[in-house]
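Structure record follows, encoded as structure tokens.
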Ligand SMILES: Nc1ncnc2c1ncn2[C@@H]1O[C@H](COP(=O)(O)OP(=O)(O)O)[C@@H](O)[C@H]1O
Ligand SMILES: [Mg+2]
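In the numbering used here, the protein residues as written are 133 to 395.
Here it is, written out as structure tokens:
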């Protein structure tokens, strides 16, 4: 579904701040795969998402999504193919629009670009049903400004917005990191439910190794703009947090004993 081939990105080239954020990165993700991504601060995780979503163009390499070369496709043209959720629950929604309005805007954007019409009654009830399926009672708050919801509720709505129409790819960038532990757990459970029920090809960045191993079907660790570790199948099933830390220590040539190294 996603094929990243030898992608590189250098920031501030030819200055003292020159930094190679992506270094000849290659990654193949099959349809329905749920990949969790870990790696230290500055490893290039968000930059990889920016390259996939088209927020930033890469210097070299190729990116294909579902057989289509998207390397130079404009960000807004990819928006109907890719759902993306950020750490900040304020990002990606319009705080002054109601929950219902935000969902309608997201729905219209995913069914195709430039559709300037009001949704039909049928479409409205489709949207409401998706919200009701979360079992958070948010369908009764369709007329509340989304800015008034708690962070956790907002990330739950954002998840629905990103998956109302099944995206070819869902990108989650530490989407629970800003939430309190209970809300984070609830949003992670919802993520797991929505992704597995709809078999959505997903990449999820997290700094929590436990969640990285609990959720998904494959875990990769990024380091210095590349993939240092790629674990799936039986090997992954038996892996503990300690094992991951050991692998990370080997990559970094240092010893770490807790997952703060990933913060
Ligand atoms: N727009 C930018 N301009 C300059 N440097 C950037 C930019 N975006 C990211 N970087 C740098 O690239 C490196 C990777 O960043 P990022 O992908 O955000 O890391 P993370 O793995 O923590 O998400 C960091 O050193 C960061 O400072
Ligand atoms: Mg990041």
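No residue lacks a Cβ here, since even glycine has one placed at the ideal position from N, Cα and C.
These numbers were taken from a predicted model, which means no experiment stands behind them.
Buried or exposed, going by whether 16 or more other CB atoms sit within 10 Å of the CB of residue i?
| i | result |
| --- | --- |
| residue 374 | exposed |
| residue 249 | exposed |
| residue 357 | buried |
| residue 208 | exposed |
| residue 342 | exposed |
| residue 299 | buried |
| residue 145 | exposed |
| residue 243 | exposed |
| residue 385 | exposed |
| residue 204 | exposed |
| residue 382 | exposed |
| residue 177 | buried |
| residue 221 | buried |
| residue 226 | exposed |
| residue 182 | buried |
| residue 154 | buried |
| residue 199 | exposed |
| residue 315 | buried |
| residue 171 | buried |
| residue 263 | buried |
| residue 340 | buried |
| residue 206 | exposed |
| residue 318 | buried |
What did DSSP end up calling residue i once you bin it into helix, strand or coil?
| i | result |
| --- | --- |
| residue 151 | strand |
| residue 223 | coil |
| residue 308 | coil |
| residue 229 | coil |
| residue 160 | strand |
| residue 267 | coil |
| residue 249 | coil |
| residue 255 | helix |
| residue 321 | helix |
| residue 369 | helix |
| residue 345 | helix |
| residue 272 | helix |
| residue 188 | coil |
In terms of DSSP beta bridges, what is residue i paired with?
| i | result |
| --- | --- |
| residue 169 | 337 and 352 |
| residue 196 | 135 and 201 |
| residue 143 | 151 |
| residue 302 | 215 and 334 |
| residue 363 | 351 |
| residue 358 | 355 |
Please report the residue range of the beta strand (DSSP E) in which residue i lies.
| i | result |
| --- | --- |
| residue 288 | Counting along the chain, residue 288 falls outside any beta strand (DSSP E), though it belongs to the alpha helix (DSSP H) covering 283-295. |
| residue 216 | 214-217 |
| residue 375 | Counting along the chain, residue 375 falls outside any beta strand (DSSP E), though it belongs to the alpha helix (DSSP H) covering 373-384. |
Over the uninterrupted alpha helix (DSSP H) stretch that includes residue i, give me the two end residues.
| i | result |
| --- | --- |
| residue 278 | First-last for residue 278: undefined, no H or E at that position. |
| residue 184 | 177-185 |
| residue 210 | 207-210 |
Could you give the C-beta distance for residue i and residue j, rounded to a whole number, given that I count them as a contact under 8 Å?
| i | j | result |
| --- | --- | --- |
| residue 304 | residue 359 | With a Cβ gap of about 18 Å, residue 304 and residue 359 do not count as contacting. |
| residue 335 | residue 169 | 6 Å |
| residue 138 | residue 193 | 4 Å |
| residue 361 | residue 379 | 5 Å |
| residue 259 | residue 235 | 5 Å |
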